[in-house]
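Student: The structure that follows is given in the form of structure tokens.
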Amino acid sequence: MFDAQLDAFAPYLSWVSEPGIRLIRTADLNGDGAQDLILAHSDSIVTWFANLLPATNTSSIELTPFDTLCVFGDPYPLEHALPSDGTWSGEGVSLNFFTPSGPGDFELTYVVSDPVSGCPMSATQTITAMMEPEITLVSGDPDECALDPLQYTASPSGGAWSGITDATGMVDRSCAARPSSGEVTYSMDAVNGGNCLGAVIS
354 MFDAQLDAFA PYLSWVSEPG IRLIRTADLN GDGAQDLILA HSDSIVTWFA
404 NLLPATNTSS IELTPFDTLC VFGDPYPLEH ALPSDGTWSG EGVSLNFFTP
454 SGPGDFELTY VVSDPVSGCP MSATQTITAM MEPEITLVSG DPDECALDPL
504 QYTASPSGGA WSGITDATGM VDRSCAARPS SGEVTYSMDA VNGGNCLGAV
554 IS
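Read in order, the letters of the sequence shown correspond to residues 354 to 555 in the working numbering.
Next up, the structure:
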């Protein structure tokens, strides 16, 4: 029976006169943080049972970032989650390996059983596959008559510059270095064996 003064259901009431159950729900009736069982037999007869199950601590999934991949590489092993006996899913995923279907960002989901409670838990993380690196001019006047050096950067980092740049992505346009026009190229070897090549005309 609901007690309007307590704003809660009263403790145990027998349903001998009406054994049928009309409604089942859960709520924390005794304030211990656990969900108790409530059985409604009629508008005025309600039975509730305190949840006596011991509280359990739950685990969490620890993820490490994915590498940036090139689209033409080999299948990429998804070894980036603890506990480690779960399953990855998402576009391009098979047997916990990822093979990109093309360039872009792909959201992958990892599901594993909680070693403490046994309940499933999940986490998501995005992996990026690219066709070519992004090359950006960060300083210098691109006008062909300017003498100041051009400085390029590329994303992701860790690749190799070639063409008319030095090893840091800088183009020397001083009089001694002219003619200084040509192609600026940046190459990145991805961990999945693919090679991504980007180029701009300077």
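Every residue, glycine too, gets a C-beta built ideally from N, C-alpha and C.
Tell me the DSSP secondary structure of Cys472 in three-state form.
Tutor: Cys472 falls in the coil class under three-state DSSP.
Student: Closer than 8 Å is the cut-off here; do at least three beta carbon pairs connect the region 443-450 with the region 376-394?
Tutor: No: the two stretches stay apart, fewer than three of their Cβ pairs being nearer than 8 Å.
Student: Would Asp427 and Asn545 qualify as a contact pair, given that the criterion is a beta-carbon distance under 8 Å?
Tutor: A contact, by the Cβ cut-off of 8 Å.
Student: For Gly384, count neighbouring C-beta atoms within 10 Å of its own C-beta (all shown protein chains included) and say buried if the count is 16 or more, exposed if not.
Tutor: Gly384 should be labelled exposed.
Student: Near Ser515, what residues of its chain come up, given a Cβ to Cβ distance below 8 Å and the 5 sequence neighbours on each side ignored?
Tutor: Result list for Ser515: Thr538, Tyr539, Ser540, in chain order.
Student: Met483 and Pro456 look like a contact to me (Cβ under 8 Å); what is the Cβ gap, rounded to whole Å?
Tutor: Confirmed, about 5 Å.
Student: For Thr518, tell me which candidate among Ser508, Cys498, Gly511, Gln504 has the shortest Cα-Cα distance.
Tutor: Among Ser508, Cys498, Gly511, Gln504, the Cα nearest to that of Thr518 belongs to Gln504.
Student: Per DSSP, which one or two residues make a beta bridge with Cys423?
Tutor: For Cys423, which the question treats as bridged, DSSP gives the partners Met483.
Student: Out of curiosity, what's the CA-to-CA distance linking Ser534 and Asp420?
Tutor: One C-alpha to the other measures close to 34 Å.
Student: Check each candidate in Asp542, Pro486, Val465 and name the one with the smallest Cα separation from Ser413.
Tutor: Nearest option by C-alpha distance: Val465.
Student: Looking at C-alpha atoms only, which residue of Ala403, Thr489, Pro468 is the closest neighbour of Ile554?
Tutor: Taking only the C-alpha atoms, the option nearest Ile554 is Thr489.
Student: Here's a check: name, in chain order, each residue in its chain whose Cβ is nearer than 7 Å to the Cβ of Ser475, leaving out the five neighbours to either side.
Tutor: The residues are Thr462, Tyr463, Val464.
Student: In angstroms, rounded to a whole number, what distance separates the CA positions of Asp356 and Leu376?
Tutor: The predicted position of Asp356 is uncertain, since its pLDDT is 44 and thus under 50; no value can be drawn from it.
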